[in-house]
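Here the protein sequences come in this chain order: E and Y. The first sequence begins at 1 in our numbering and counts up one residue at a time. The second sequence begins at 1001 in our numbering and counts up one residue at a time. C-beta atoms are modelled at their ideal positions from N, C-alpha and C, and glycine is treated no differently. These numbers were taken from a predicted model, which means no experiment stands behind them.
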Amino acid sequence: MKSLSRLMAVTRKEVRQMRRDRLTFAMIFGIPLMQIILFGYAINTDVRNLRTAVADEANTHLSHDFVAQLNATQVTDIRERVNTVAQLEDLLRSGEVSVGIAIPPDFDRRVADETRAAVHILVDGSDPTIAGIADALRNLPLGFDTAVQRQPTELIEVRAYYNPERRTPVNIIPGLIGVILMMTMMMFTAVAVVRERERGNLELLINTPVTSAELMVGKVLPYIFLGLVQLAVILTVGKLLFAVPVRGSIVDLYLAGCVYIAANLALGLFFSTAVKSQFQAIQLTFFMMLPSILLSGFVFPFDGMPEAARWIGEVLPITHFIRLTRGIMLREAGLGEMVGELVYLGAFAVVAMTAAALRFSKRLD
Amino acid sequence: MNAELAIRARGLSKDFGSLRAVDRLDLDVPRASIYGFLGPNGSGKSTTIRMLCGLLTPSEGSASVLGVDVPGDSGNLKPRIGYMTQKFSLFGDMTVFENLQFIAEIYSIPASRRAARIDEVLEHYDLVEQRGQFAGTMSGGQKQRLALGCAVIHKPELLLLDEPTSAVDPQSRRDFWANLFRLAQAGTTILVSTHYMDEAERCHRLAILDHGAKVADGAPGDLQRSTGMNIIEVLADDPYHAQTAISTMPAVASVTQLGIRLRVLIPETIPDALDQVQAVLADHGISADTRLSGASLEDVFVAVTLGPEERAE
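Structure, rendered in structure tokens:
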């Protein structure tokens, strides 16, 4: 009973201080809004209007027709027309265009000949995304007004489940939830203990009957609530601005969020017990950020990574949470189908919390 | 364990790496009294207090605080002691009332008595008007009263105060000591560290610490009577030259200038100390009044912190 009331006293104190800290409050709403808008609008892998130059050495009715059709796809935006392939290469090197279309003088004959390529597309391979787009250009079904038109033969048909329009925000935002929650939650608790140490509060607190566990749990509780508020903000903005759906159960999503938030708070708290200053605490959270963004499957596909990187990814809580959010929000999966991910997050939270409580000694030496 | 003693320490030592911060300290602090630690910065006062409340583990020696062995059982000890840190350590972004409430909750004061106890503390420590003020915006004296109020809200048997008055004005210090006497009167044992002589003088007993070791202890009056020094006060028109002259005497342990007066410490083992001083002054053609004086606490402090080589025999 005494223990519970002490824990609640710590929680009430944290809430009180949090309410008065405007910067914290700004972070709760500011960071998710800024990130969603940045990621949602700026990052777009569905590329259109690539700057393009054409060297049409054939200059026939058929080649004009081909260029017109290519432009109609909106993938390319033809800015320049030049005479030779060498000129195309110059434009590409200077970065004025990303794509060069070289139509050889014998274009008409090549179209008829199935064994030879009719057109060369030169691509700026220094940008991986553009190189990928060029591959797509190769498969463009261009209908030629000739008798010798090649019939497209499709051996494989790809159907994009869960995001048929292939809109980037739909893919990004479920992962972004994980990134935003990690950033803010870990940051809050990473500075929580060390701030009190810097202000001298800790020397007073450790001289009172309050135990390490009460202090740690009491500090984390209010932030769990804060994290859920953040989750609600992200989901609402995602829905309003980018029509990102939540196809599965919203309860499942918040439950997963709750465990993930606890895991990050506990990790932050552990950091806080290990560092000497708020500055070091912030540095440690940044140290965690990079692998979490790169190795979690948020940016790069998890399956494509080397084994060692995948192992690191598996350790990070965000990897498991992104699987959960993508599953619940997009694939309409239930928590029951992905219980392993949830169990990992729960175990991570408990281990980190215990480590924090053990590390936080009620002594100064 | 002597029931009369609140604190009993034997051979208490603390090393930080190669530095010995506290050196084989023996302490006997009687209950319901104010016990002072007098010493310069770095003399081991804070380290000793931290060992006594279980914050630091002694490197050697043992201590019993309120009958509890520290650091062994310090968990049971926490509710029975109050601690005031050297630096203000309450929450600046909470009001006076909120701070008191939080501390009261942490010490598990039952809700039924909490409000009454907080009001009582506000009343006693003259904080009624500051009740709704943020602690961080208060003056040094107000902060100190709040810190003391929080340290005693659970009515501890032992109060440990680490240089509590280093950041407040003289009037606040007087009020603060009035509060301490009231607490001691009510049965609280108080251990207070200070580097102010006037504060040390108010303690019932005190220990003088120097470089981590206890160099003297006892009641201030007893210490003043047993310095082992004759104190000669010299009133000279030219105190600077008088001091230079007296310093040449091999028997002199210390000369301190206080305004136009000099206080000269000469070991009691030297006969005719007063005559010798007068002779030296006459030799140098310095006219001065000289007289034997009783030891002040500062004289005691100077006498006991002299290095052995300065203690001329």
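Taking a contact as a CB-CB distance under 8 Å, the pair residue 1159 of chain Y and residue 1152 of chain Y counts as one, their CB atoms being some 6 Å apart.
Three or more Cβ pairs drawn from the stretch 1242–1256 of chain Y and the stretch 1271–1283 of chain Y lie within less than 8 Å of each other, which places the two stretches in contact. Residue pairing by DSSP places residue 1060 of chain Y opposite Y/1013 in a beta bridge. Put simply, of Y/1026, Y/1019, Y/1017 the residue whose alpha carbon is nearest the alpha carbon of residue 1010 of chain Y is Y/1026. Between the alpha carbons of residue 126 of chain E and residue 291 of chain E lies a distance of about 24 Å. The alpha-carbon separation between residue 58 of chain E and residue 37 of chain E amounts to approximately 46 Å. For residue 1241 of chain Y, the enclosing alpha helix (DSSP H) has its first and last residue at 1239–1247. As summarised for the stretch 1112–1188 of chain Y, the continuous alpha helix (DSSP H) elements at least 4 residues long and confined to that stretch are 1140–1152, 1170–1185, given in chain order. With respect to chain E, the C-beta atom of residue 1094 of chain Y has a partner C-beta closer than 8 Å. For the set Y/1050, Y/1006, Y/1259, the Cα lying nearest the Cα of residue 1031 of chain Y is the one of Y/1006. Short of 6 Å from the beta carbon of residue 1254 of chain Y, and not among the five residues preceding or following it, lie these beta carbons of its own chain, in chain order: 1265, 1302.
Annotation: residue 89 of chain E to residue 122 of chain E spans about 8 Å, alpha carbon to alpha carbon. C-alpha of residue 20 of chain E to C-alpha of residue 225 of chain E: approximately 17 Å in a straight line. Between residue 1044 of chain Y and residue 1070 of chain Y, the gap from beta carbon to beta carbon reaches 8 Å or more. With contacts defined by Cβ atoms closer than 8 Å, residue 1014 of chain Y and residue 1051 of chain Y form a contacting pair. Around residue 1083 of chain Y, the beta-carbon contacts reaching into chain E at under 9 Å are 203, 204, 207, 208. When secondary structure is reduced to three states using DSSP, residue 1109 of chain Y falls in the coil class, being assigned neither helix nor strand.
Taking a beta-carbon distance threshold of 8 Å, residue 1125 of chain Y does not count as an interface residue toward chain E. Inter-residue distance for residue 1208 of chain Y and residue 1129 of chain Y is about 39 Å (C-alpha atoms, whole angstroms). Annotated as distal: residue 335 of chain E and residue 247 of chain E, with beta-carbon spacing of 8 Å or more.
The stretch 172–182 of chain E makes contact with the stretch 229–239 of chain E; the number of CB pairs closer than 8 Å reaches 3 or more. Proximity of residue 1246 of chain Y to chain E, defined by a Cβ-Cβ separation below 8 Å, is not satisfied.
By a beta-carbon distance limit of 8 Å, residue 1136 of chain Y does not contact residue 1073 of chain Y. Their separation comes to about 35 Å. Around the Cβ of residue 257 of chain E, a 10 Å sphere holds 16 or more other Cβ atoms; the residue is buried. What residue 6 of chain E touches in chain Y, judged by beta-carbon distance under 8 Å, is 1105, 1106, 1108, going in chain order.
In this structure, the beta-carbon distance from residue 328 of chain E to residue 231 of chain E does not fall below 8 Å. Per DSSP, residue 244 of chain E lies in no alpha helix (DSSP H) segment and is marked neither H nor E. The DSSP-derived three-state label of residue 297 of chain E is coil.
Between residue 103 of chain E and residue 82 of chain E, the C-beta spacing is not below 8 Å.
For residue 312 of chain E, the CB contacts under 8 Å within the same chain, skipping 5 residues up- and downstream, are 291, 295 in chain order.
Taken atom to atom, the span from the alpha-carbon of residue 1018 of chain Y to that of residue 1084 of chain Y is near 28 Å.
Excluding its 5 nearest sequence neighbours in each direction, residue 205 of chain E has C-beta neighbours in its own chain below 8 Å: 196, 215, listed in chain order.
Residue 1306 of chain Y and residue 1216 of chain Y have their C-alpha atoms roughly 12 Å apart. In the three-state DSSP reduction, residue 287 of chain E falls in the helix class (H, G or I).
Of all residues in the stretch 18–41 of chain E, those with a C-beta nearer than 8 Å to a C-beta of chain Y are 20, 21, reading in chain order. According to DSSP, residue 81 of chain E shares a beta bridge with E/54.
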